[in-house]
Structure formats: C-alpha cells, structure tokens
Amino acid sequence: MDDDRLHVYDKTTGMFWKEPASPKQIFWREDQNTFQIGDVKTDFLEGIYSRIDDETAPFHALLVKKPGPISLTLEEVVQLLRFVTISYYRVPLNDQFIKDYVSSHSPQKLGFKIINKDSPDEAVPADIYEKIMGEPAFVESYRISKALLELLAYAENLVVDDWSVAAPTALNGIGLIGDNPVILKQGFAGYIVLHELIMPISKHHIIYHVKGKKPVQLSPEHKLKVDLCQILQAQQYVCGSNREYMQTLINYLAIPENNLTIERVTNDLFNDFK
330 MDDDRLHVYD KTTGMFWKEP ASPKQIFWRE DQNTFQIGDV KTDFLEGIYS
380 RIDDETAPFH ALLVKKPGPI SLTLEEVVQL LRFVTISYYR VPLNDQFIKD
430 YVSSHSPQKL GFKIINKDSP DEAVPADIYE KIMGEPAFVE SYRISKALLE
480 LLAYAENLVV DDWSVAAPTA LNGIGLIGDN PVILKQGFAG YIVLHELIMP
530 ISKHHIIYHV KGKKPVQLSP EHKLKVDLCQ ILQAQQYVCG SNREYMQTLI
580 NYLAIPENNL TIERVTNDLF NDFK
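Per our numbering, the sequence shown runs over residues 330 to 603.
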C-alpha cells in the first residue's frame, strides 16, 4: 500500500478486515488507560505513553531510513532497549503476567516506596501499600516501571555488539507485524532484556539481540520465518501492507503436513545465527 494503512487479519475469526486500517486503529483497546481513582476519572497513563512515543519517534524514524545492517552505538542500544522493553510489556499477552508480578512481589522488589513528606522517616502502614498496589491504575502503570527498572538493572552488563538492526536482501516492503511482535529464542523467564530476541520494527528493518553469528545479509527464507512467527504467536491481529503475501503465509501454515509450530519455526529462525 502507498500509505500507512495496513491489511488486518483476525486470527479469532479467520478473516481479514474489510478495509485497511492505521496502526492506531488496530492496536487500540478502549479505556485501557482510563481509570477511576476515588471521585476522579483520569487517563494519566495515556499521557505517559504519548510522551514516550513522542520521545521514541525521532529515533525510530532515523533508524528505519538507514539500509541494514546497522551497527549501533551504546546510546542507540539503550534507546532501542527502552523501545523493546516497553513494547513487550505493553502487549495484551502480558496483562496477566503484570497483574501476577505486582501481586506476588513486595513493594521493595517492585522498586516502590511511599514517603510521607511531613515525616520522611516514618514507616507507612502495610495496608496503604496493599491498597495502592491493588489499584488497576498502579498495576497498568507498572508495565512502564517494569521495563525501565529492568533496563537500569541490565545496563552494567549491556553488550553493545549483541544488538543490531538488519534488513532482508529481498521481500522489501512486505513484512508483517502482530500484536505480540517480540520473538524470543527461549520462553520468557521474567526479564526480557536478558533474552536473545528478534523484533520487526518496519517493513524493512528487524531488531536482533543474538550472541552467535551476527545478522548481516538476511536471506528471503529468513524473513519468511520472521513473518511466520508473527502469525503463529499473535493473539488476535496480524497486519501487513500486502494482503496477497499474508494470505499465502496463512494458507501455508494451515497445511497439516507442514507441521509448522511456533517452537519449530522459532528454533529454525535462531539457528540461522549458529
């Protein structure tokens, strides 16, 4: 397509939307970031996300204009990690994980402390912590806190050379993106920045965190596997600029003899870097 609109495939219905849509129309959940706190209705979290998106947009725009492979500076890797971690914890797939994480950890473990400005040394009662940590607004906002705290904890061990951005040698302009875009080499184990991962960020560009052979020239077959993963691990929506290409991959996955599970395709994908 010639604009920013995308074709949308809904896995729950097995059908495409009748009309292409913009990313904001697709990946949007009504009142997800609107909360009732006491007598006040607020969408403060939407404002935080908007600010983060505005801060990230210039870096993303510059990145996707460059041909791959792209070697990154330390500052660029930090910006990239910020984008990846917040994107990962923001997806609907992690709704329950965030709720469980907040409910099963102490305020100290969550990096959360209440201070009485009039008596800074006075301990705040446990029931106050429980009340605040039980608020949906706190739980939802912790998606951002988890991402940023994780990034701070990981910063000392950051290996710049393990992060890169590359582009395939063919199939330019027809990549896919799903509602669960981060492809992990192994199952999630609590800290996303420690995982080897792959994440498409445009039709042409893919983020890599791999510790083996570095992605330089990516074959069309490799890009196909990235796109197959986007379909396989999406919860509901998969989007792309070329509907015919999307339908071809959907049909291919539907053939039982191919036995294309997410585990098999992911393993094949990361084996490209051995």
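Even for Gly, the Cβ is constructed at its ideal location relative to N, Cα and C.
Neighbourhood of residue i by C-beta, 7 Å cutoff - its chain only, sequence neighbours within 5 removed
i: residue 473; result: 377, 415
i: residue 522; result: 410, 414, 479, 480, 483
Own chain, CB closer than 6 Å to residue i, minus 5 neighbours either side, in chain order
i: residue 467; result: 461
i: residue 600; result: none
i: residue 330; result: The predicted position of residue 330 is uncertain, since its pLDDT is 40 and thus under 50; no value can be drawn from it.
Extent of the continuous beta strand (DSSP E) run through residue i
i: residue 495; result: 492 to 495
i: residue 364; result: 364 to 366
i: residue 584; result: Where residue 584 is concerned, there is no enclosing beta strand (DSSP E), given that its DSSP letter is neither H nor E.
Residue from the options whose Cα sits closest to the Cα of residue i
i: residue 493; options: 537, 476, 551; result: 537
i: residue 519; options: 408, 334, 421, 427; result: 427
i: residue 577; options: 351, 393, 503, 356; result: 503
i: residue 572; options: 506, 453, 433; result: 506
i: residue 374; options: 595, 602, 566, 470; result: 470
i: residue 395; options: 562, 532, 445; result: 532
i: residue 602; options: 542, 399, 362; result: 542
Contact under 8 Å by Cβ, residue i with residue j
i: residue 397; j: residue 534; result: yes
i: residue 336; j: residue 568; result: yes
i: residue 509; j: residue 422; result: yes
i: residue 512; j: residue 389; result: no
i: residue 411; j: residue 480; result: yes
i: residue 598; j: residue 554; result: yes
i: residue 339; j: residue 564; result: no
i: residue 539; j: residue 490; result: no
8 Å CB neighbourhood of residue i in its chain, flanking five on each side removed
i: residue 352; result: 333, 335, 568
Where the alpha helix (DSSP H) through residue i begins and ends
i: residue 335; result: Where residue 335 is concerned, there is no enclosing alpha helix (DSSP H), given that its DSSP letter is neither H nor E.
task = Within the segment 511 to 567, note down every full beta strand (DSSP E) run reaching 3 residues or more, in order along the chain.
result = 526 to 529, 535 to 538
Alpha helix (DSSP H) segments (min. 4 residues) lying fully within the segment 418 to 444 = 424 to 432
request  = Could I get the ranges of all uninterrupted alpha helix (DSSP H) runs contained in the segment 460 to 492, with 4 residues as the minimum, in chain order?
outcome  = 465 to 483
inquiry  = For a minimum of 4 consecutive residues, which ranges assigned as the alpha helix (DSSP H) are wholly contained in the segment 352 to 421?
reply    = 352 to 355, 373 to 392, 403 to 419
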